[in-house]
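Sequential numbering of the sequence shown, starting at 6, is according to the numbering used here. Ideal Cβ placement from N, Cα and C applies to all residues, glycine included. Heads up: the structure comes next, in structure tokens.
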Amino acid sequence: MAGSLPTAVELTRRLIRFNTINPPGAEEAAAHHLGELLAAGGFAVSYHEFAPQRTSLIARRAGSDEAGAPLCFTGHLDTVPLGAAPWSVDPFAGEIADGKLFGRGASDTKSGVAAFVAAALQAGKEAARGPGLVLAITAGEETGCQGAFHLAQSAAGLLGPAGLLVVAEPTSNYPLLGHKGALWLHALSRGVTAHGSMPERGVNAVYKMARILAKLESWRFPETPHPVMGRSTLNVGTVAGGMNINSVPDRAEITIDIRTIAGSDHARLRALLTAQLAPELDELETVLDLGSVWTDPGRGASSEIFAALEPLLKERLEPRAAPYFTDAAALHLALGGVPTVILGPGEPDLAHQTGEFCRVAKIEQAVELYRALIRRAGALQG
Ligand SMILES: [Zn+2]
């Protein structure tokens, strides 16, 4: 069996050759490719579709009951589109040049998925002596974690509980102890339309929205900064309003992207915004509400993770967090509020970029890091 196992680098190349650009996603073929490998390696595999061809998979390998709850790895199969700029390499070939493996998804997160699948297959009986392994490989992450939410709702019994969740998003192999939450809002102001030559007969919704925008630009979050995540942030992503040049606009709308630190209460924040933006605000709708994920550095799991990884990374690790969100926002509660680390071989700066690549050496190192976590899985809990 061992001789026939693909290396993580080979497996990354195979995954890149499946076009899983989302939309439309179509992760099914890639999911089945991994599922067949894992089933041959002794894993119990189940497939979970949230829509036709939108396939996530869960692969489990039982461990010893006395060793605690299983170690869970997660990563996603879908990628973002190629973008408007031309690629100098084939984005679906998985070419290697100068120690870099090129392709859409090379960093985000096909290399990470390939590395933990390879580590899980290599671990073999070692994993069975520990608390066991659960691999949750998702579809539809890039458009709002649909696959992970579907797993959390429909397959929570297959997923959890787990002792530790490892998210294979690109961190250049530096372990992050969590990430910010996200609260996305759609705000609307209404007016009364009139002919553009008689504006005094109307109420201009764009002027109302301009007053909202001024308040948002100088918005201050009434919270104590988080020691690692810093402050919550707010960005207005889109603005639209009006029908034509010679009418008073009766409608203006914006979208607001708020990224929150651990401990932030989204319901209170939303209520505060509603109060502060009145009377110009007529409607505020929540588009996405994902909590932050944070494993306290004082928790036993964090120091055990650092102790397992420091000898391999050859540096002293410090608590850091990601500003972006991951599937952990959907999965970590289904897994019982499990300690979570984000750790993957991809380059964070290359995610979603033209000419995306992952360093071959980082993919090989990630396999070693994941195997170190698998070896110590029993101690990483709590
Ligand atoms: Zn990603």
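Is Val253 helix, strand or coil by DSSP?
For Val253, the secondary structure class from DSSP, reduced to helix, strand or coil, is coil.
Rounded to whole angstroms, what is the Cα-Cα separation between His357 and Glu147?
10 Å
Rounded to whole angstroms, what is the Cα-Cα separation between Ala257 and Gln151?
29 Å
Helix, strand or coil, according to DSSP, for Ala326 in the structure here?
Ala326 carries a coil assignment under DSSP once its states are collapsed to helix, strand and coil.
Would you identify the three-state DSSP class for Asp70, choosing helix, strand or coil?
The DSSP-derived three-state label of Asp70 is helix.
Excluding five sequence neighbours on each side, which residues of the same chain lie with their C-beta closer than 8 Å to the C-beta of Gly104?
Arg364, Val365 and Ala366
State the beta-bridge partners of Ile261 as determined by DSSP.
Leu190 and Val241
Compute every distance between the C-beta of Pro175 and the non-hydrogen atoms of ligand 1, then say whether any falls below 8 Å.
yes
Could you check where the beta strand (DSSP E) with His81 kicks off and where it finishes?
Leu76 to His81
To the nearest angstrom, report how far apart Val14 and Trp224 are at their CA atoms.
46 Å
Can you find the residues in the same chain that come closer than 7 Å, C-beta to C-beta, to Ala7, ignoring five residues on each side of it along the sequence?
Model confidence at Ala7 stands at a pLDDT of 49, short of 50, so the residue's coordinates are unreliable; what they give is reported in the following sentence. None.
What's the C-alpha gap between Gly137 and Val122?
14 Å
Is any non-hydrogen atom of ligand 1 found closer than 8 Å to the C-beta of Glu361, if you look at the structure I gave you?
no
Say yes only if the C-beta of Asp103 is nearer than 8 Å to one or more non-hydrogen atoms of ligand 1, and no if none qualify.
no
Going by CA-CA distance only, name the one from Gly196, Asn240 and Lys115 that's closest to Ala219.
Asn240 is the residue among Gly196, Asn240 and Lys115 whose C-alpha sits nearest the C-alpha of Ala219.
Within 8 Å, do at least three Cβ pairs link the region 104 to 115 to the region 68 to 87?
yes
Drop a sphere of 10 angstroms on the beta-carbon of Arg65, count the other beta-carbons inside from all chains shown, and report buried for 16 or more, exposed for fewer.
buried
Would you identify the three-state DSSP class for Leu163, choosing helix, strand or coil?
helix
Is there at least one non-hydrogen atom of ligand 1 closer than 8 Å to the beta-carbon of His81?
yes
Closer than 8 Å: is that where the CB of Glu352 sits relative to any heavy atom of ligand 1?
no
By how many angstroms is the C-alpha of Thr331 removed from the C-alpha of Gly341?
17 Å
Assuming Ala141 and Leu10 are in contact, meaning their beta carbons sit under 8 Å apart, how far apart are those beta carbons, in whole angstroms?
Their Cβ separation, rounded to whole angstroms, is 21 Å, which puts Ala141 and Leu10 out of contact at 8 Å.
Taking the alpha-carbon of Arg325 as reference, which of His231, Ala272 and Gly246 has the nearest alpha-carbon?
His231
Based on the DSSP secondary-structure assignment, which residues constitute the bridge partners of Tyr52?
Leu62
Expressed to the nearest angstrom, what Euclidean distance is found between the alpha-carbon atoms of Lys319 and Tyr179?
Distance from the CA of Lys319 to the CA of Tyr179, rounded to the nearest whole angstrom, comes to 11 Å.
Could you tell me whether the region 180 to 190 touches the region 290 to 309, using the rule of 3 or more Cβ pairs below 8 Å?
Touching, yes.
How far does the beta strand (DSSP E) with Gly88 in it reach, from first residue to last?
According to the DSSP assignment, Gly88 belongs to no beta strand (DSSP E), since it is labelled neither H nor E.
Could you check if Tyr375 is buried or exposed, using at least 16 other CB atoms within 10 Å of its CB as the buried criterion?
buried
So what's Met6 in DSSP terms, helix, strand or just coil?
Legend: pLDDT at Met6 = 46, less than 50; position of this residue unreliable, value from coordinates given subsequently. Met6: coil per DSSP, three-state reduction.
Beta carbon of Asp270: closer than 8 Å to some heavy atom of ligand 1?
The answer is no for Asp270.
Between the C-alpha atoms of Ala384 and Ala306, what's the straight-line distance to the nearest angstrom?
If I take the Cα positions, the gap works out to 8 Å.
Which residue or residues does DSSP assign as beta-bridge partners of Ala133?
Beta-bridge pairing links Ala133 to no other residue.
Between the region 246 to 257 and the region 195 to 212, are three or more C-beta pairs nearer than 8 Å?
yes
Alpha carbon to alpha carbon, how far is Thr300 from Phe55? Give it in angstroms, no decimals.
29 Å
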